[in-house]
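Report on one structure; see the data block that follows.
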Amino acid sequence: MGPIQIKQILAEAAVGSNVTVKGWVRTKRESKNAIFIAINDGSTIHNIQAVAEPGQIAEDTLKLITTGSCLKVTGALVASQGSGQAVEVKIADVHVYGTADPDAYPLQPKKHSLEFLREIAHLRPRTNTFSAILRLRHALAFAVHKYYNDNGFFYLHTPIITASDAEGAGEMFRVTTLDMYNPPKNDEGKIDFKQDFFGRETNLTVSGQLEGELGAMALSKIYTFGPTFRAENSNTTRHLAEFWMIEPEMAFFELEDNMNLAEDFVKYVISYALENCAADLDFLQKRLEEEEKQKPQNERSMPLIEKLRFVVDNAFERVTYTEAIDILLKSKPHKEKKFQYDVAWGIDLQSEHERFLVEKHFKKPVILINYPRAIKAFYMKQNAPNPAEPGPTVRAMDVLFPGIGEIIGGSQREEDHDKLVARMHEVGIEPEAIWWYLETRKFGTAPHAGFGLGFERLVLFVTGMGNIRDVIPFPRTPQSAEF
RNA sequence: UCUCGAGUAGCUCAGUCGGUUAGAGCAUCUGACUGUUAAUCAGAGGGUCGCUGGUUCGAGCCCAGCCUCGAGAGCCA
113 MGPIQIKQIL
123 AEAAVGSNVT
133 VKGWVRTKRE
143 SKNAIFIAIN
153 DGSTIHNIQA
163 VAEPGQIAED
173 TLKLITTGSC
183 LKVTGALVAS
193 QGSGQAVEVK
203 IADVHVYGTA
213 DPDAYPLQPK
223 KHSLEFLREI
233 AHLRPRTNTF
243 SAILRLRHAL
253 AFAVHKYYND
263 NGFFYLHTPI
273 ITASDAEGAG
283 EMFRVTTLDM
293 YNPPKNDEGK
303 IDFKQDFFGR
313 ETNLTVSGQL
323 EGELGAMALS
333 KIYTFGPTFR
343 AENSNTTRHL
353 AEFWMIEPEM
363 AFFELEDNMN
373 LAEDFVKYVI
383 SYALENCAAD
393 LDFLQKRLEE
403 EEKQKPQNER
413 SMPLIEKLRF
423 VVDNAFERVT
433 YTEAIDILLK
443 SKPHKEKKFQ
453 YDVAWGIDLQ
463 SEHERFLVEK
473 HFKKPVILIN
483 YPRAIKAFYM
493 KQNAPNPAEP
503 GPTVRAMDVL
513 FPGIGEIIGG
523 SQREEDHDKL
533 VARMHEVGIE
543 PEAIWWYLET
553 RKFGTAPHAG
563 FGLGFERLVL
573 FVTGMGNIRD
583 VIPFPRTPQS
593 AEF
């Protein structure tokens, strides 16, 4: 359907056949005997080279063919006389769809910083790096759907606009149609949300999990994959105000099953990228190698593709929170007081602790389970008391990745109604506010489990990029929503 | 939100102890050369030194406030 793309031409078109190429000019080089135009249409990282003889293209047309301009080129596909490519298009006809004034077009045929490209996010998909990232992002998203579909899961569409903040997962964005400058007030002088669109306060979702559990209690295995919003003032390379989250939720799964699924799933999507995005990964790997050259020898990391293969080929390390604390207490940085935050059973592990476990101690992805109850969400299933553990724990599970930190957070859910309600009272959540959620425990409750995976963190890992703002087309971060 | 760092040409940066006319590479334009590969060579154009105020005979440089960007931390996915 539609015109043939450069990817197809390079892979399939016969030498001698007539082809039409539509795309954007990356570079133009003129010489005495030939004019070379490198054209890219985003279908692949590779450009196609179009060649014309001097004088063949009218002088005023040739002037319009500059970096960034858009062309249609027709001609015969021929074996290339040069060494950089196998085939090229011998130009018979050129049409300029759109020009790009070289003085004004910001993408020059030279290296640009990622910071600069963020300022021109509307144009950065036209660079090699970002087109490669966007193709990988697509492939990973497709692999997510394929994995769950092939494994008997149903894609459940949970709401974007919600009235609940049961999880307390973070600050929320308010959704309202009330007049901000003159909101209606009730008898108490407070804003009268009864007059708002939904007749109550609403926000953008921070998680589809609670609704996901409703789906799992009917369809057994569901997943969500949609946008999620956090109004936290987070300014890091790992946080976005708008990001995409994948949340499978499964009836009749216990923590062990949940871990198995998480590991199998992550390995599958990474394998899919390795098999289907070889050229893009190769490009990103070379790009990273250039960057690594700036670093001292001992700080350099494994080449990208080797790193991905390593994750796919090796079992994730599974350790309990209690064992992890023990490892940290015996660790060199703890003994030498190198950790900024103190280690003791009951603490929420800090970035430095997670990094030590993943990058120094185990040197592979780690699944941490059975966290102290006090530092985890109310809906996590409570473990029976264990004499080896100083306090009560819950069946939580965090998957930690090198360089990324927490990529997955999940748990087996508390299916006992009374325990769940008791826990809600302890942490100050009004059960009445999510009566519908609690009814899953009243009517045909079942053991179940699930997790959330931050899609951009996965893309970050697979592309080897360093900043999450560079793996989503139009990042939303504090003070930034231009495009 | 906190800590640290940065802001000088379209981009990436240099700019000595505060001193006279603000520099380089790349990009752009012009010319030369060449089946070229982000070509090469030569020349040219291109600046409100983030903003506001202050110190000083004199500020890109020192001081204060603000803005923006980046790195790390917290929160988390």
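Numbering of the first sequence is given in this note's numbering, commencing with residue 113 and proceeding in unit increments.
Every residue gets a Cβ at the ideal spot worked out from N, C-alpha and C, and that includes glycine.
Please read all numbers here as calculations on a predicted model, not as lab measurements.
_Length-filtered (3 minimum) beta strand (DSSP E) runs lying within the segment 439-526_ = Fully enclosed beta strand (DSSP E) runs of 3 or longer: 478-484, 505-513, 517-524.
_Cross-strand partners of residue 267 (DSSP beta bridge)_ = Answer by DSSP bridge pairing, in chain order: 335.
*Residues near residue 229 by beta carbon distance below 6 Å, same chain, minus five either side*: Here the set comprises 236.
_Buried or exposed for residue 453, going by 16 or more other Cβ atoms inside 10 Å?_
Counting Cβ neighbours within 10 Å, residue 453 comes out exposed, since fewer than 16 surround it.
*Which term fits residue 273, buried or exposed, when burial requires 16 or more other beta carbons within 10 angstroms of its beta carbon?*
Classified as exposed, residue 273 has fewer than 16 neighbouring CB atoms from the shown chains inside 10 Å of its CB.
*Provide the residue span of the beta strand (DSSP E) that contains residue 394, from first to last.*
Segment 390-404 is the alpha helix (DSSP H) holding residue 394; no beta strand (DSSP E) there.
*Going by CA-CA distance only, name the one from 474, 472, 495 that's closest to residue 482.*
Minimum Cα distance to residue 482 is reached at 495.
*Hey, out of 333, 284, 305, 303, whose CA is closest to residue 319's CA?*
For residue 319, the nearest C-alpha among the options comes from 284.
*asked:* Using only CA atoms, which one of 502, 201, 275 lies nearest to residue 121?
replied: Per the C-alpha coordinates, the member of 502, 201, 275 positioned closest to residue 121 is 201.
_residue 120 - containing alpha helix (DSSP H), residue span_ = Start and end: 118-124.
*Pull up the distance between the alpha-carbon of residue 335 and that of residue 592, whole angstroms please.*
Looking at the backbone, the Cα of residue 335 and that of residue 592 are separated by about 30 Å.
_Beta-carbon proximity check, residue 245 vs residue 567, cutoff 8 Å_ = Contact flag unset, no.
*Please report the residue range of the alpha helix (DSSP H) in which residue 261 lies.*
In the DSSP annotation of this structure, the continuous segment of the alpha helix (DSSP H) that includes residue 261 starts and ends at 240-262.
*Residue environment, residue 526, which counts as buried when at least 16 other CB atoms sit within 10 Å*: In the assembly as shown, residue 526 is a buried residue. Its beta-carbon has 16 or more other beta-carbons within 10 Å.
*By the 10 Å Cβ neighbour count, where 16 or more other Cβ atoms means buried, how is residue 289 classified, buried or exposed?*
Residue burial annotation: residue 289 is exposed, with fewer than 16 other C-beta atoms found within 10 angstroms of its C-beta.
*asked:* In this structure, how does DSSP classify residue 597 when only helix, strand and coil are distinguished?
replied: With the chain covering only 113 through 595, there is no way to say anything about residue 597.
*asked:* I'd like the list of long-range same chain contacts for residue 520, defined as Cβ closer than 6 Å, with 5 residues on each side in sequence excluded.
replied: Here the set comprises 374, 511, 563, 565.
*Own chain residues within Cβ distance below 8 Å of residue 617, not counting five before or after*: No answer is possible for residue 617: the residues shown for the chain start at 113 and end at 595.
*Tell me the start and end of each unbroken beta strand (DSSP E) in the segment 158-243 that is at least 3 residues and wholly inside, in chain order.*
Listed in chain order, they are 160-164, 182-191, 199-210.
*Assess, as a yes-or-no matter, whether the segment 535-543 is touched by the segment 305-314 under the definition of 3 or more beta carbon pairs within less than 8 Å.*
The segment 305-314, when compared against the segment 535-543, does not touch it at the 8 Å Cβ threshold.
*asked:* Taking the alpha carbon of residue 350 as the reference point, which residue from 572, 325, 586 has its own alpha carbon closest?
replied: Of the listed residues, the one whose Cα sits closest to residue 350 is 572.
*Sort out for me which residues DSSP pairs residue 340 with in a bridge.*
The partner list for residue 340 (beta bridge, DSSP) reads 355.
_Limits of the unbroken alpha helix (DSSP H) element including residue 569_ = 567-575 is the span of the alpha helix (DSSP H), which, as asked, contains residue 569.
*According to DSSP, which residues form a beta bridge with residue 589?*
BP columns for residue 589 point to 592.
*Out of curiosity, what's the CA-to-CA distance linking residue 434 and residue 421?*
Here the alpha carbon of residue 434 sits roughly 30 Å from the alpha carbon of residue 421.
*Of the listed residues 363, 341, 169, 354, nearest to residue 326 (C-alpha basis)*: If we check each option's Cα against that of residue 326, 363 comes out closest.
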